[in-house]
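The next block holds one structure in the form of structure tokens; read it before the comments.
Protein chains: 2
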Amino acid sequence: MVSEQYRAMLGGKSVIRILSEFATKRGEEIGYDNVFDYSLGNPSVPVPEEFTECMIEMLKNSDPCSLHGYSPSLGIPSVRAAIAASLNERFGMNYGPEHIFMASGAAGALAHAYRAVTKPGDEILTFAPYFPEYNPYVNLTGAVLKVVPPDTESFQINFDAFEEMLGEKVMAVLINTPNNPSGIVYSEETILRLADILRKKEQEYGHDIFIISDEPYREIVFAGVKAPYVSRYYANTISCYSYSKSLSLPGERIGYVAVNPACPDAEVIVNMCGQISRGIGHNCPPSIIQLAVAKVLDKTADLSVYETNMNLLYDCLTGLGFTCVKPGGTFYIFPKALEEDAKIFCEKALKYDLILVPGDTFGCPGYFRMAYCIETEKVERSLAALRKFVAAEYGNIG
Amino acid sequence: MVSEQYRAMLGGKSVIRILSEFATKRGEEIGYDNVFDYSLGNPSVPVPEEFTECMIEMLKNSDPCSLHGYSPSLGIPSVRAAIAASLNERFGMNYGPEHIFMASGAAGALAHAYRAVTKPGDEILTFAPYFPEYNPYVNLTGAVLKVVPPDTESFQINFDAFEEMLGEKVMAVLINTPNNPSGIVYSEETILRLADILRKKEQEYGHDIFIISDEPYREIVFAGVKAPYVSRYYANTISCYSYSKSLSLPGERIGYVAVNPACPDAEVIVNMCGQISRGIGHNCPPSIIQLAVAKVLDKTADLSVYETNMNLLYDCLTGLGFTCVKPGGTFYIFPKALEEDAKIFCEKALKYDLILVPGDTFGCPGYFRMAYCIETEKVERSLAALRKFVAAEYGNIG
Numbered sequence: 001m002v003s004e005q006y007r008a009m010l011g012g013k014s015v016i017r018i019l020s021e022f023a024t025k026r027g028e029e030i031g032y033d034n035v036f037d038y039s040l041g042n043p044s045v046p047v048p049e050e051f052t053e054c055m056i057e058m059l060k061n062s063d064p065c066s067l068h069g070y071s072p073s074l075g076i077p078s079v080r081a082a083i084a085a086s087l088n089e090r091f092g093m094n095y096g097p098e099h100i101f102m103a104s105g106a107a108g109a110l111a112h113a114y115r116a117v118t119k120p121g122d123e124i125l126t127f128a129p130y131f132p133e134y135n136p137y138v139n140l141t142g143a144v145l146k147v148v149p150p151d152t153e154s155f156q157i158n159f160d161a162f163e164e165m166l167g168e169k170v171m172a173v174l175i176n177t178p179n180n181p182s183g184i185v186y187s188e189e190t191i192l193r194l195a196d197i198l199r200k201k202e203q204e205y206g207h208d209i210f211i212i213s214d215e216p217y218r219e220i221v222f223a224g225v226k227a228p229y230v231s232r233y234y235a236n237t238i239s240c241y242s243y244s245k246s247l248s249l250p251g252e253r254i255g256y257v258a259v260n261p262a263c264p265d266a267e268v269i270v271n272m273c274g275q276i277s278r279g280i281g282h283n284c285p286p287s288i289i290q291l292a293v294a295k296v297l298d299k300t301a302d303l304s305v306y307e308t309n310m311n312l313l314y315d316c317l318t319g320l321g322f323t324c325v326k327p328g329g330t331f332y333i334f335p336k337a338l339e340e341d342a343k344i345f346c347e348k349a350l351k352y353d354l355i356l357v358p359g360d361t362f363g364c365p366g367y368f369r370m371a372y373c374i375e376t377e378k379v380e381r382s383l384a385a386l387r388k389f390v391a392a393e394y395g396n397i398g
Numbered sequence: 001m002v003s004e005q006y007r008a009m010l011g012g013k014s015v016i017r018i019l020s021e022f023a024t025k026r027g028e029e030i031g032y033d034n035v036f037d038y039s040l041g042n043p044s045v046p047v048p049e050e051f052t053e054c055m056i057e058m059l060k061n062s063d064p065c066s067l068h069g070y071s072p073s074l075g076i077p078s079v080r081a082a083i084a085a086s087l088n089e090r091f092g093m094n095y096g097p098e099h100i101f102m103a104s105g106a107a108g109a110l111a112h113a114y115r116a117v118t119k120p121g122d123e124i125l126t127f128a129p130y131f132p133e134y135n136p137y138v139n140l141t142g143a144v145l146k147v148v149p150p151d152t153e154s155f156q157i158n159f160d161a162f163e164e165m166l167g168e169k170v171m172a173v174l175i176n177t178p179n180n181p182s183g184i185v186y187s188e189e190t191i192l193r194l195a196d197i198l199r200k201k202e203q204e205y206g207h208d209i210f211i212i213s214d215e216p217y218r219e220i221v222f223a224g225v226k227a228p229y230v231s232r233y234y235a236n237t238i239s240c241y242s243y244s245k246s247l248s249l250p251g252e253r254i255g256y257v258a259v260n261p262a263c264p265d266a267e268v269i270v271n272m273c274g275q276i277s278r279g280i281g282h283n284c285p286p287s288i289i290q291l292a293v294a295k296v297l298d299k300t301a302d303l304s305v306y307e308t309n310m311n312l313l314y315d316c317l318t319g320l321g322f323t324c325v326k327p328g329g330t331f332y333i334f335p336k337a338l339e340e341d342a343k344i345f346c347e348k349a350l351k352y353d354l355i356l357v358p359g360d361t362f363g364c365p366g367y368f369r370m371a372y373c374i375e376t377e378k379v380e381r382s383l384a385a386l387r388k389f390v391a392a393e394y395g396n397i398g
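Line order of the protein sequences matches chains A and B. So that you can map any letter, position 349 of the first sequence is 349 in UniProt numbering, and since no number is skipped, the others follow by simple counting. So that you can map any letter, position 243 of the second sequence is 243 in UniProt numbering, and since no number is skipped, the others follow by simple counting.
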């Protein structure tokens, strides 16, 4: 018999996916250039040339049996060492290779982190607005994801609601800064306060509470914004990283788990990741990609286009009268819709070939997300559509 | 708190891994050339040149954003279509792309298959001798792996024991032909009889019983041996394939699930695989590897070396008086040890720098495995060590 649990999931298509398919279809009708598709968080700038050169060099000159051979289950030792050294240099940490576990993207890293620190029935808290895939990611492990309502003033943490929900069954707190979908970077003050509350509750409850820090947007931070390295502020931190966004290679599935050396169980957790892999069929990211990424750890794709796009949109949106917290990073912006129901608002926007995603999907009704990882030229052209849409549907709101 | 379930697994190191580490250490002492390391099933012949050329060509000439972009969750459509066409051509099947799910190696494919057709508490039967990783693979899903004792005469299926164990809770039967560790290929007669029994029991119990067919060695079949394509004999078959062995790229993590189109739930199962991925952090094999493999689907590495090695070992072993079923494929041979406890036998062999793996690990005590995916020149030199070992420890047994 096929599994009823997974069969039941087949109906539920993601709103983002439906909108993206709509955009593709509409593009076939009127030309994709004329569809302002802000639905998908897919990098739009090329991988650094050094990555490509390094791949070609290895393919030409390495022994193929060792190049394409099995990676040890925790990752290739030289790659783990290079990542540890790079993080130490950049963030003042003291990782060794024994604190790094290679994973196939952030999804793979998170799949290990959840299992390492929870058992079925335990709770993980996350904060709205949040990446909706966290629901299947966590709930299919048997743990339970609970969502703390947003602080819509700043999209930092709603601490009152958080403290109310931080019961004894909470074993981990899942954060994502810079944040998808708000684009907000958690301030040092936010992280200090979060760490402080967690340490107190660890004492009160007599068990660990981990921070699982999902950091795929860590390198996409805009001018003047400081993005604190979460692990510096809290010993029991498990950082989950992906190179998808910083190097523009989301399809190649490469990232890692880094456990703070100050965490008493750090090495145990990394070794446990190797065991968790056996149950979920993971078995390491591709060897050649591990080796190539290790050569460009401190490079990024040219991420400046995202900041250019953000400024164009932010100025236009606020000029039109939208309420909008200015993003500190990522390639998302999360303004308040011009009517209560953001689903209706986004539905109306479709008439102007603007593909916007209602905030309901992210646990934050009344707002909408724009993923501006598209060409700047297209962002510029979309502003006229945005102005037309607002004027026609909502009149002068300024 | 770290997960006690995974923490408890940390002690149990695999015997194969321990022996392989011993071989490496010994190699550092006396030169790796002098250690006859038959412990690991790691391909020893290079990937076909066409694969390397195709990778370089794409890296040089493709748009990097699309080359390294996200794969759809079931795999890249053109790749799925190419695999279906290749299987249809070679095995007379009628797969469409909708029956193929791209997975990161056989481990990834199996992780999806188990979850698609069992729920916690269900049973999966497999047949000794068997790949020991099946234990964590299955048991960490919540289903229960039960092992049917071997037919040591032929290493085909022990049908009496099988029928006794085929109770109502069995939802799937996991087979591996050509087999690791025996090297045996299931005959058409074996597969017909297996299929027949399963169909009867499906009727009797009123529920599906799936064959999960783990086929990483499908292309490594020796002269004169016919390896039937399992799915042709049984509608409810889920084939799990990996290119690790046929193309010699185990580190690149590429394979697929192919569900027999005659299975009434075939398309549902493939779509469910996409949902299962969300819970286990899978998210597709690397895009560039999917695209490159699609170009060399009908090629293999030069696998003939394995047959050469097998014949050398088989002749020597039988000449020395070993009881040994002749392998029909793979790069393994599984002779009977010269004393009851194969662990003691293999321990003694270490004195002669022969690294052999006791069959206990494979659910078949009294036998031992040799993985002869090493250079032929080394196999040749190992024969003298083998003769010396047998003469010194067991005298003339011929």
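Every residue gets a Cβ at the ideal spot worked out from N, C-alpha and C, and that includes glycine.
Take leucine 59 (chain A), set aside five residues on each side of it, and no residue of its chain has a beta-carbon closer than 7 angstroms to its own. Sequence-ordered contacts of the region 40 to 59 of chain B with chain A read Asn42, Pro43, Ser44, Val45, Pro46, Val47, Thr52, Met55, Ile56, Leu59 [C-beta pairs closer than 8 angstroms].
Ranked by Cα distance from aspartate 151 (chain A), the options A:Val138, A:Gly395, A:Tyr130, A:Val144 are led by A:Tyr130. Listed in chain order, the positions of the region 279 to 297 of chain B with a beta carbon within less than 8 angstroms of a beta carbon of chain A are Gly279, Ile280, Gly281, His282, Asn283, Cys284, Pro285, Pro286, Ser287, Ile288, Ile289. Rounded to whole angstroms, the separation of the alpha carbons of valine 230 (chain B) and alanine 301 (chain A) is 46 angstroms.
Annotation for leucine 312 (chain A): Val379 place their beta carbon closer than 6 angstroms to its own, counting only its chain and skipping 5 residues before and after.
Residues of chain A whose Cβ lies closer than 7 angstroms to the Cβ of valine 2 (chain B) are, in chain order, Ala116, Val117, Asp265, Val268, Ile269, Met272. The Cβ-Cβ distance between phenylalanine 127 (chain B) and valine 148 (chain B) falls below 9 angstroms. Against chain A, the CB of arginine 369 (chain B) has no partner CB under 9 angstroms away; the residue lies outside that interface. In the DSSP assignment, serine 78 (chain B) forms no beta bridge with any residue. Identification of chain A residues near glutamate 252 (chain B) by a Cβ-Cβ cut-off of 7 angstroms yields His68, Pro286, Ser287, Ile288, ordered along the chain.
For the region 187 to 226 of chain B, the full-length beta strand (DSSP E) segments reaching 3 residues or more read 210 to 214 along the chain.
For arginine 7 (chain B), the neighbours in chain A by C-beta distance under 8 angstroms run, in chain order, Val268, Met272. Note that the C-beta distance between leucine 303 (chain B) and valine 47 (chain B) is not below 9 angstroms. Secondary structure at arginine 232 (chain B): helix, using DSSP grouped into helix, strand and coil. For serine 239 (chain B), the closest Cβ of chain A is not nearer than 9 angstroms. At a cut-off of 9 angstroms between beta carbons, isoleucine 355 (chain B) makes no contact with chain A. Taking a cut-off of 8 angstroms for Cβ pairs, the region 367 to 383 of chain A and the region 187 to 199 of chain A do not touch, as fewer than three such pairs fall below it. In the three-state reduction of the DSSP assignment, methionine 171 (chain A) falls in the strand class. Residues of the same chain with a CB within less than 6 angstroms of the CB of glutamate 339 (chain A), apart from the 5 flanking positions on each side, are Phe345 in chain order.
Runs of the beta strand (DSSP E) spanning 3 or more residues and lying entirely within the region 105 to 170 of chain A occur at 123 to 127, 144 to 148, in chain order. For threonine 141 (chain A), at least one C-beta of chain B is nearer than 9 angstroms to its own C-beta. Counting the other Cβ atoms within 10 Å of the Cβ of glutamate 219 (chain B) gives 16 or more, which makes it buried. Comparing alpha carbon positions, the residue from B:Glu123, B:Lys25, B:Met9 closest to methionine 1 (chain A) is B:Glu123.
Around the CB of tyrosine 243 (chain B), 16 or more other CB atoms lie within 10 Å, so the residue is classed as buried.
Look at the region 334 to 377 of chain A and you find these whole runs of alpha helix (DSSP H), each 4 residues long or longer: 342 to 350.
Straight through space, the alpha carbons of glycine 366 (chain B) and lysine 336 (chain B) are spaced by roughly 6 angstroms.
With contacts defined as CB atoms closer than 9 angstroms, glutamine 203 (chain B) and isoleucine 254 (chain B) fail to qualify as a contacting pair. Between the region 86 to 105 of chain A and the region 350 to 369 of chain A there are fewer than three C-beta pairs closer than 8 angstroms, too few to call the two in contact. Between the region 263 to 281 of chain A and the region 348 to 366 of chain A there are fewer than three inter-stretch CB-CB distances shorter than 8 angstroms, so the stretches are not counted as touching. Apart from sequence neighbours up to five positions away, the residues of its chain that approach proline 181 (chain A) with a beta-carbon distance below 6 angstroms are Pro129, Tyr332, Phe334, Phe362, Arg369, ordered along the chain.
Taking 9 angstroms as the CB threshold, isoleucine 374 (chain A) stays off the interface with chain B.
Closest in C-alpha terms to serine 3 (chain B), from the list A:Val390, A:Thr118, A:Gly251, comes A:Thr118. Bridge partners of isoleucine 276 (chain B) according to DSSP: none are assigned. Any Cβ of chain A closer than 9 angstroms to the Cβ of glycine 321 (chain B) would place that residue at the interface, and such an atom is absent.
Look at the region 155 to 186 of chain A: the residues with a C-beta under 9 angstroms from a C-beta of chain B are Met171.
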